[in-house]
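Asks:
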Amino acid sequence: MKFDNMIKANERMANSTEDLDARLQKDFAILNQNFEQLKLVMENRTIEMISTVRNAIADSNATMRNSLAACNIYPTKCEKGMVPYLNDDDGQHLTIHPDGKSPPGVPYLCDTRTDGGGWIVIQRRVSGATGFYRGWADYKNGFGSLQEEYWLGNDHIHAPTSRGAYELRIDLEYNGQIIFAHYSSFSIGGEDSNYALRLGKYDGTAGDSLGPHNGYPFSTYDKDNDNVPSVNRAKYFQERGGIIKSNYSNLNGKWNSKANSNAALWWTLSSSDSVSFSEIKIRKL
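So the sequence shown is numbered by the UniProt record's numbering: it starts at 1 and just counts up by one.
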């Protein structure tokens, strides 16, 4: 009798264990289902939060850009003694975007370092990548790239020099030498005078190769203004075709040229070999 009772007790215990196992499995299934649902909710919430943060950052950046644009932290003119900006293009030059009130009225490079800075760069040649054998219209309006080589344009050179007193500086490199020519005053006339050159007193280390052109008009291959019917001298700053005599300065001549009267030359350095760097710049007095 006692043995039967023990068997029944064990059977009840086994049934209870099976019931407990079934309940546990059911509870684990519910828990796992809840976990998967919670995981899905969290993933969706995370995606929503990331999207919200990204949109907030984009909106903030747009607001900052608009605020900076409104503040205009860049200078609109080139002046002597100006503090060099941290965003100088190459540590020496800053691209100026005039506000429309200050000549020359088009973007240009400002040399912020040389001799106190404030130099408007009107010509720059460093590699020969830009062709300077151009006609009257190109030299009138300007050509090239501020990031490489360019001519500012005779109209844009005339504009400031007709409104105030300017000096001229020409920086050159020849055979590894860094030299310069400085003129105490500089201006060119308008197109009605064929951009006639006016220069002041020379000083510097390069020699005076521009002085002999003082008073001469500007000439190009398609507009000869030198009053010499037999030949187009294309007097100052302009590359020529053919053999030209009595030429002293031809910094817009053929680049990287040797033993050539058409070379980008400075007569006091060489009468036939081109310089390896030239930068012509003006500064308000």
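Ideal Cβ positions, reconstructed from N, Cα and C, are used throughout, including at glycine.
Being a predicted model, the structure only gives us computed values, none of them experimental.
Rounding to the nearest angstrom, what Cα-Cα distance links residue 262 and residue 270 in this structure?
Replies: Here residue 262 corresponds to residue number 262 of the sequence shown, with the count starting at 1. Here residue 270 corresponds to residue number 270 of the sequence shown, with the count starting at 1. The straight-line gap from Cα to Cα measures roughly 12 Å.
Asks: Using a Cβ-Cβ cut-off of 6 Å (strictly less than) and excluding sequence neighbours within five positions of residue 123, which residues of its own chain qualify?
Replies: Taking the first residue of the sequence shown as 1, we reach residue 123 at position 123. Closer than 6 Å at Cβ, skipping near neighbours: 151, 280.
Asks: Would you grab the beta carbon distance between residue 285 and residue 165 for me? Rounded to a whole angstrom, and I think it's under 8 Å.
Replies: The sequence position of residue 285 within the sequence shown is 285, counting from 1. The sequence position of residue 165 within the sequence shown is 165, counting from 1. Taking the Cβ atoms as the reference, residue 285 lies roughly 4 Å from residue 165, within the contact range of under 8 Å.
Asks: Count the other C-beta atoms from every protein chain shown that fall within 10 angstroms of the C-beta of residue 41, then say buried if there are 16 or more, exposed otherwise.
Replies: Taking the first residue of the sequence shown as 1, we reach residue 41 at position 41. Residue 41 should be labelled exposed.
Asks: Rounded to whole angstroms, what is the Cα-Cα separation between residue 193 and residue 114?
Replies: If you number the sequence shown from 1, residue 193 lands on position 193. If you number the sequence shown from 1, residue 114 lands on position 114. If you take the alpha carbons of residue 193 and residue 114, they lie about 31 Å apart.
Asks: When DSSP builds the beta bridges, which residues end up paired with residue 93?
Replies: Counted from its first residue, the sequence shown places residue 93 at position 93. Residue 93 is bridged to 111.
Asks: Go to residue 255, then tell me how far its beta strand (DSSP E) extends in each direction, as first and last residue.
Replies: To locate residue 255, count along the sequence shown from 1; it is residue 255. Run containing residue 255: none; DSSP gives neither H nor E here.
Asks: In its own chain, which residues sit with a C-beta less than 7 Å from the C-beta of residue 245, not counting the 5 before and 5 after it?
Replies: Here residue 245 refers to the residue found at position 245 when the sequence shown is read from its first residue. Since pLDDT at residue 245 reaches only 31, below the 50 mark, its modelled position is unreliable, and the value read off the structure follows with that caveat. Answer for residue 245: no residue qualifies.
Asks: Quick check on this structure: which residue in 153, 250, 43 has the alpha carbon closest to the alpha carbon of residue 266?
Replies: On the sequence shown, residue 266 is found 266 positions in, with the first residue counted as 1. Checked all of 153, 250, 43; the closest Cα to residue 266 is 250.
Asks: Between which two residues does the beta strand (DSSP E) harbouring residue 284 extend?
Replies: For the purposes of this step, residue 284 is taken as the residue at position 284 of the sequence shown. Boundaries of the beta strand (DSSP E) harbouring residue 284: 277 to 284, taken from the DSSP string.
Asks: Please classify residue 272 as buried or exposed, where buried requires at least 16 neighbouring CB atoms within 10 angstroms.
Replies: For the purposes of this step, residue 272 is taken as the residue at position 272 of the sequence shown. Under this definition residue 272 is an exposed residue.
Asks: Name, in chain order, the residues that DSSP records as bridge partners for residue 204.
Replies: Stepping through the sequence shown from its first residue, residue 204 is reached at position 204. DSSP output for residue 204 lists 181 as bridge partner(s).
Asks: Is there contact here, the stretch 194 to 210 with the stretch 170 to 185, by at least three beta-carbon pairs under 8 Å?
Replies: yes
Asks: Grab the span of the beta strand (DSSP E) containing residue 171 for me, first residue to last.
Replies: Along the sequence shown, read from residue 1 onward, the residue named residue 171 stands at position 171. Bounds of the beta strand (DSSP E) holding residue 171 are 166 to 174.
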